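These notes concern the structure reproduced below.
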Amino acid sequence: MNLRTPGPIPIPDEILQASAKQMINHRGPEFQDLVNNITQGLKQVYRTKNDVLTLTGSGTGSMEAAIVNTLSPGDTVLSVSIGVFGDRFAQIAEAYGAKVEKLTFPWGTAIDPNVLKETLDKMPNVKAVLVTHNETSTGVTNDLESVGKVIKDADKLLIVDAISSLSSLPFYTDDWGCDVVAAGSQKGWMVAPGLSFLSMSERAWSAFKESRMPKFYWDVGKAKSYLDRGQTPWTPAIAIMYGLEVSLKMLIDEGLDNVYDRHKAMGDKVREGVNNIGLELFAAESCASNTVTSVHIPDGIEAKELLGSLRTDYDVVIAGGQGSLDGKIMRIGHMGYVPDKDLTEALGSLKSGLDKAGFQPKYSGARG
Ligand SMILES: *Cc1c(COP(=O)(O)O)cnc(C)c1O
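With the numbering used here as the guide, the letters of the sequence shown map in order to residues 272 to 639.
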């Protein structure tokens, strides 16, 4: 199957094999080596000196951990959203009793740092700002460096969902002033779903000490004190950690700058291919993501039927739209390890599937 969804993604063989190893005692010395190795590697990919914790749960788990460990009920937080995952961050904060102010930008566009600055200037009470680095639902990457600068100038806690960017797109936790950064294993990390990661700056640890939101499973204080002994508080997803140890080595051996360049090349290839078919990109060119490409479903084509026929006739799996974009866009994933031939085949199948469905390219960008 040519799995072109924005997570889970196909896993390279050597990582699959690593994950198939026999279990070990998670309170023993072998696990201590494993978790210490992983933590070292994660810090390199995060480009941080901060603590990075490995939590067992999906990406949303680390988003929840980010909220409950830094905030108290009644705290004012600014949620900056450009899509479904930005909205999810706000919902989590609301569920735990934060007072959530919202700043939204049209879906398909990125955060405008100037508007963010004006908003923050008017809201002195804001304690933390919630930002999605790469909005997977719309295929847009925010300029987190500029956004982070505005938030740091305003002296706020910067909490980032980097789940579909970190390990694929340029990311600099420390240089960009990110206090808390959430990531998830089934995205560019090239392993199975089930692990999530969370970095905590010194400022984030100070916030943790004051935070009064309820927490138990996601308590990062417990996670940190166990990690100092080479353990996790609860039984972790050991099999995924085996795989992660190998994938981190692959990413670091390749060189992070090369990984970023590879994703840029994949993004260019998919956008060009989609244009050539005569389809219209959904995200603005200036902020289009290099891990997931969003594409308008053309008039007269039924999204469900098209994606269904791609799956059954061509074995290519492309994601549909989420929320209000359901039926309106499709999303092609290109994060992690993607053989060039898989992308070429996915684009070829998309063209054939559209031809079969009677699609007639009408605008001038189409070159056949
Ligand atoms: C995948 C994803 C998530 C988390 O999803 P889970 O299903 O909980 O792993 C959150 N944010 C973004 C931007 C994502 O791409």
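Just so it is clear, CB atoms sit at the ideal spot from N, CA and C, and this is done for glycine as well. Quick caveat, the model's predicted, so the values are computed rather than measured.
- When DSSP states are grouped into helix, strand and coil, Arg-359 belongs to the helix group.
- In the assembly as shown, Ala-494 is a buried residue. Its beta-carbon has 16 or more other beta-carbons within 10 Å.
- Following the DSSP letters along the chain, one finds Lys-535 inside the alpha helix (DSSP H) bounded by residues 527-548.
- Gly-514 sits close to Ala-463, with the two beta carbons spaced by under 8 Å.
- In the three-state reduction of the DSSP assignment, Asp-584 falls in the helix class, which pools H, G and I.
- In this structure the region 339-346 does not lie against the region 547-567, because fewer than three pairs of beta carbons, one per stretch, are closer than 8 Å.
- Relative to the Cα of Gly-598, the nearest Cα in the group Leu-621, Trp-460, Gly-571, Pro-395 belongs to Gly-571.
- For Gly-455, DSSP records a beta bridge to Ser-467.
- DSSP, read as helix, strand or coil, puts Ile-568 in coil.
- CA-CA distance, Ser-417 to Asn-396, rounds to 22 Å.
- Remark: the C-beta of Ile-363 is outside contact range of ligand 1, defined as less than 7 Å to any heavy atom.
- Here the alpha carbons of Phe-442 and Gly-465 stand approximately 22 Å from one another.
- Contact check for Leu-519 and Ile-309: beta-carbon distance about 7 Å, within the 8 Å limit, so the pair qualifies.
- One alpha carbon belongs to Ala-291, the other to Ile-511, and they sit about 9 Å apart.
- DSSP, reduced to helix, strand and coil, places Met-521 within a helical segment of the structure shown.
- Per DSSP, the continuous beta strand (DSSP E) segment holding Glu-372 begins and ends at 370-375.
- Collapsing the DSSP output to three states places Glu-551 in coil.
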